[in-house]
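Asker: So for the sequence shown, UniProt numbering puts the first residue at 1; every next one is plus one. Just so it is clear, CB atoms sit at the ideal spot from N, CA and C, and this is done for glycine as well. Take this structure, written in structure tokens, and hold onto it; I'll ask about it next.
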Amino acid sequence: FLFPQAFPARKDFKFNNQDFTHLRDYCLSRGLLFEDDTFPAHVSSIGPNLLSEDKLSRLQWKRPTMIERNPHLIVDGVSRFDIIQGEIGDCWVLAALGSLTLQRQFLENVLPKDQGFKENYAGIFHFRFWHFGDWVDVVIDDRLPFLNGRYLSVQPCSRNEFWPSLLEKAYAKFRGSYQNLHWGYISDALVDLTGGVQVQFLLQKPPSDLQEIIKAAAKSQCLMGCTTPGGQSIGNVELENGLVKGHAYTVTGAREIPYKNGWEDIIRVWNPWGHGEWRGPWSDGYNPLSHTVSVSVSIQPMYQTSHFFSRMSYQAFTEQFFLLCICDNTPSFLDFGDQHGTKWSLAMYVNQWARGLTAGGSNYHNGNEYDCIAVVSEMIPIYAGLTMRSYFRALWMKGAVGIEDCRGTINHFLQFQGLRDRLPVAFFSQYKSKVLKCGLNVSARDVTNYFYLSPGTYVVVPATSEEGQEAEFLLRIFLRPDSEPKHLKSVSTITGGLGFTSILRVFCLCLSLSLSLSLSHTHTPPSAIKC
């Protein structure tokens, strides 16, 4: 892909302009323990509505050195078993974090090694999160909130291990307060923790190739999370089958095993509560060996049910869970069948919707000054993801704290013929009748879809859902390296507003009318998860 504007790649954007090394050295030189005045040990860091006034008045803040004689950041490596959810309803964060612990390359980006409680300890730590193309370094002090002697935040499984609690505090600061972790989208957390691309599936109507996608994702070591039906209006009701309503889980594996006279797809999930398991088929007490073709065949240890884990069939998984989210550096979850071994090429395109120029909303043809096209030479998958810059980026620049995400949705596709220069208004009106519906018109910060495209020329036109709305966006497209990309026209980048949805429109020009266009089914969750 060619870019209308080169995207600046930065790895260490300083949240609130705080430099970890400088602040730590300053405290060490003066014998001080760091106190973060941008995210203080105060009720303002908790948020106004998470706790009652009575509970807020009883809140205490303690450093790990006040809790344990010999605190450590990490004990015997990082594991999802280190995590037990606290009082905050942030299972969507912890499920994503549990998935992160499975992949060292992602974890090392988030959890820098240059810190701890021994050498150069000054009560200061830092963690890194991805936002709009940047890795953002977030500095915190190590004062943790306690209520009635118990952790308000995530509780470490080992009494003297504190990386889960400190990382959660850094993410709370990143998003504005602990209250802003009380509900959310697992897809947002996965992207924030990895900088990867994500795709989501509603499991009530899964695509026909979802089983292959899940197995490819597991083989490629993608991060995966899932949620049960419910949402933030439903209490944490544990069902008779052991699952919890409106709760987020980590998918830790998927594999096909011999069963009866055929094969069974088995999926394994983990509960960030640290207890509660699926009680249906393939759970504890279920003996699959009595049903297999040969008694010599056994399930690998990682697929045996153990403490905190649940093992279940693919059918039960799609029946009991509502949403599946998969995330990786590339769309490796599409590497199966004829696409096995696909090499991906990434194009990143940053721009903005500007009032009077490009913020055309549903009347995108009235103002689009930019289009992005790719020429596809053979039937291949293409992944497209649109991310709107969150409002809190502007607040960082002012030294303030807070978050409010712009959210968007995937809406339609249009097939057309003929292309030379920038698309004229007449073009859009001429081919408007050939729009193909795909996906759900539901808002989300990250809008994604993938397509299996026949040979042809394809134009991607991001648009807002309403006319006149301004914001900056990042468009990421993955395709085969041998596909020919180009752009039509560019516009300079601005920072923008918030509070509206966006639409990723993909306009498809097939070189031959006889060639068919096959679109995948991907969806965005209709409600956030609080558990």
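Looking at the strands, I want to know which residues DSSP matches up with VAL350.
Answerer: LEU474.
Asker: Could you check the C-alpha separation between PHE336 and TYR450 for me, to the nearest Å?
Answerer: Cα to Cα, PHE336 sits roughly 14 angstroms from TYR450.
Asker: What's the call for GLU53, buried or exposed, on a 16-neighbour Cβ count within 10 Å?
Answerer: That one is exposed.
Asker: If I follow the unbroken alpha helix (DSSP H) through HIS126, where does it start and stop?
Answerer: That residue, HIS126, is in no alpha helix (DSSP H); its beta strand (DSSP E) goes 124 to 131.
Asker: Taking the Cβ atom as the reference point for each residue, do CYS222 and VAL251 lie within a distance shorter than 7 angstroms?
Answerer: The answer is no: Cβ separation not under 7 angstroms.
Asker: Considering only the beta carbon of each residue, do PHE309 and LEU203 sit closer than 7 angstroms?
Answerer: Result no, Cβ atoms of PHE309 and LEU203 do not sit closer than 7 angstroms.
Asker: Once you ignore the five residues that flank PHE15 on each side, which residues in its own chain have a CB closer than 8 angstroms to its CB?
Answerer: For PHE15, where only same-chain residues beyond five positions count, the Cβ hits under 8 angstroms are VAL136, ASP137, VAL138, VAL139, LYS173, PHE174 and TRP396.
Asker: In its own chain, which residues sit with a C-beta less than 7 angstroms from the C-beta of LYS169, not counting the 5 before and 5 after it?
Answerer: Around LYS169: ILE140, LEU144 and SER153.
Asker: When the distance is taken between beta carbons, is PHE13 closer than 7 angstroms to ASP134?
Answerer: Yes, the Cβ-Cβ distance between ASP134 and PHE13 is below 7 angstroms.
Asker: So if DSSP puts ILE84 in a beta bridge, which residue, or which two residues, is it bridged to?
Answerer: In DSSP, ILE84 forms a bridge with GLN155.
Asker: What residues match up with HIS72 in a beta bridge as DSSP calls it?
Answerer: DSSP, once it has assigned bridges, lists GLU161 as partnering HIS72.
Asker: In chain order, what residues of the same chain have a beta carbon less than 8 angstroms from the beta carbon of LEU334, not counting five sequence neighbours either side?
Answerer: Closer than 8 angstroms at Cβ, skipping near neighbours: ILE213, ALA216, THR342, PRO381, TYR383 and TYR450.
Asker: For the segment 22 to 40 and the segment 150 to 166, state whether three or more C-beta atom pairs, one from each stretch, are separated by less than 8 angstroms.
Answerer: The segment 22 to 40 vs the segment 150 to 166: no contact.
Asker: From LEU102 to PHE127, what distance separates their C-alpha atoms?
Answerer: Roughly 18 angstroms separates the two Cα atoms.
Asker: Please check the pair LEU479 and THR387, which I expect to be a contact at CB under 8 angstroms, by giving their CB distance rounded to whole angstroms.
Answerer: Wrong, their Cβ atoms sit about 18 angstroms apart, outside the cutoff.
Asker: Return the CA-CA distance between ARG311 and ASN351, expressed in angstroms with no decimal places.
Answerer: Approximately 44 angstroms between the Cα atoms of the pair.
Asker: Could you pull out every residue in the same chain whose Cβ sits closer than 6 angstroms to the Cβ of PHE20, ignoring the five residues on either side in sequence?
Answerer: So the qualifying residues of the chain are HIS126 and VAL139.
Asker: Within a Cβ cutoff of 6 angstroms, which residues of the same chain sit near PRO48, ignoring the five residues on either side of it in sequence?
Answerer: Around PRO48: no qualifying Cβ.
Asker: Between which two residues does the beta strand (DSSP E) harbouring PRO145 extend?
Answerer: First-last of the beta strand (DSSP E) with PRO145: 144 to 147.
Asker: Given GLN115, which residues of its chain have a CB within under 6 angstroms of its CB, disregarding the five upstream and five downstream residues?
Answerer: Around GLN115: PHE125.
Asker: Does the beta-carbon of ASP328 have 16 or more other beta-carbons within 10 angstroms, so that it is buried, or is it exposed?
Answerer: Burial call: buried.
Asker: The beta strand (DSSP E) that contains LEU202, what's its start and end?
Answerer: Its beta strand (DSSP E) spans residues 197 to 202.
Asker: Given this structure, state the Cα-to-Cα distance separating ARG104 from PRO64, to the nearest angstrom.
Answerer: Straight-line Cα distance between these residues: approximately 25 angstroms.
Asker: So VAL197 and THR448 are in contact, right, with Cβ under 8 angstroms, and what is the actual spacing, rounded?
Answerer: So it is a contact: roughly 7 angstroms between Cβ atoms.
Asker: Leaving aside the five residues before and after GLY242 along the sequence, list all residues of the same chain whose C-beta is less than 8 angstroms from its C-beta, in chain order.
Answerer: Within the same chain, GLY242 has close Cβ partners GLY276, GLU277, TRP278, ARG279, GLY280, SER283 and SER310.
Asker: SER313 to GLU240, Cα distance in whole Å?
Answerer: If you take the alpha carbons of SER313 and GLU240, they lie about 18 angstroms apart.
Asker: Less than 7 angstroms between the beta carbons of LEU193 and ALA96, yes or no?
Answerer: Contact: yes.
Asker: Measure the alpha-carbon distance for LYS62 versus PHE146 and round it to whole angstroms.
Answerer: In a straight line, the C-alpha of LYS62 is about 7 angstroms away from that of PHE146.
Asker: According to DSSP, what are the bridge partners of GLY77?
Answerer: None, per the DSSP bridge assignment.
Asker: Can you grab the Cα-Cα spacing for the pair ASN17 / TRP183, in whole Å?
Answerer: Each residue's Cα considered, the two are about 27 angstroms apart.
Asker: Let me check understanding here. Comparing Cα to Cα, which of ILE67, ASN271, VAL93 and PRO207 lies closest to PHE129?
Answerer: Ranking the options by Cα distance to PHE129, first place goes to VAL93.
Asker: Going by the beta-carbon positions, is the gap between MET224 and ILE326 smaller than 7 angstroms?
Answerer: Yes. Within cutoff.
Asker: Spatial neighbours of SER44 within its chain, please: C-beta separation below 7 angstroms, excluding the five flanking residues on both sides.
Answerer: No residues qualify anywhere along the chain.
Asker: Look up GLU35 in the DSSP assignment and say whether it is helix, strand or coil.
Answerer: Coil at GLU35, not helix or strand.
Asker: What whole-angstrom Cβ distance do ALA354 and GLU470 have, given they're in contact under 8 angstroms?
Answerer: That belief holds up - the Cβ atoms of ALA354 and GLU470 are roughly 6 angstroms apart, short of 8 angstroms.
Asker: Quick one: is ASP37 buried, meaning 16 or more other Cβ sit within 10 Å of its Cβ, or exposed?
Answerer: Looking at its Cβ environment, which holds fewer than 16 other Cβ atoms inside 10 Å, ASP37 is exposed.
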